[in-house]
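A quick write-up on the structure given underneath.
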Amino acid sequence: MKLFVKGDIDGFFGLALDNLVQVLLIESLLTTVLGFPRQFVYKTVLPGVAVSLLVGNLFYSYQALKLSQKTGRNDHCALPYGINTVSLFAYVFLVMLPAKLYAESLGFKYSYLFAWKAGLLACLGSGVIEFAGAFVAEKIRKATPRAALLSTLPGIALGFISL
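Per numbering that gives the first Met the number 0, the sequence shown starts with residue 0, numbered consecutively.
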């Protein structure tokens, strides 16, 4: 069984470019919109993002490899792991920015840390919801028409087009 198959290089560069854009977007939004100190972003935030991307992609690759070994086929593809652009904007503008403004209104000296912690708490809450949803996802998928499951894709596309 081959570890790498045709198309893996294309997939790698596509995912790498997408993740690079997300990292640049994170750096830009945190330093300009939220006013985070660059030292905090480069020494705390971006290393955390890098570890997350590395561990997530390695784990998904491991899952695909195990599935290939189990089925005896080499055409399984690992789920690409990365940062969701829509979620990134939501966390920055709907969670972290209001938290930073609230902390500033209370006179906090390090309001960016308050915003950072609010963002971390929101991510944790989102993860708990996703984890709990994993146990009922198959039932929801079977009960929901396919068109309804796919309707979010054009909705997101229209949202980006309107920007």
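C-beta: ideal position from N, C-alpha, C; glycine also.
Who are the near neighbours of residue i in its chain, counting only those whose CB is closer than 6 Å to its CB and skipping five residues on each side?
i    : result
G118 : Y90, V94 and M95
Y80  : G55, N56 and Y59
K1   : N73
Taking the alpha-carbon positions, what's the residue i to residue j distance?
i    : j    : result
L100 : A15  : 34 Å
V22  : I8   : 21 Å
L64  : V50  : 21 Å
V48  : I139 : 31 Å
F39  : K108 : 15 Å
R37  : L24  : 14 Å
E129 : F3   : 31 Å
T70  : K141 : 24 Å
Which residue's Cα is closest to the Cα of residue i: the options?
i    : options                : result
N83  : L105, D74, T43 and D17 : D17
C122 : V54, L53, F88 and P36  : F88
L28  : L45, A77 and E129      : L45
S78  : G71, S86 and L66       : Strictly speaking, residue 78 in this sequence is Leu, with Ser absent from that position. The residue with the shortest Cα to Cα distance from L78 is L66.
K5   : K69, L24 and H75       : H75
Excluding sequence positions up to five away, which residues of its chain have a Cβ less than 7 Å from the Cβ of residue i?
i    : result
I155 : V85
What does a CB cutoff of less than 8 Å around residue i pick up in its chain, not counting 5 residues either side in sequence?
i   : result
L33 : V91, M95, L96, K99, Y111 and A114
Any beta carbon of chain B sitting closer than 9 Å to that of residue i?
i   : result
S60 : In summary, chain B is missing from the structure at hand, where a single protein chain is found.
Using 8 Å as the threshold, is the segment 48 to 61 in touch with the segment 123 to 143, meaning 3 or more CB pairs across them?
no
Touching by the beta-carbon criterion (3+ pairs, under 8 Å), the segment 98 to 117 and the segment 140 to 157 = no
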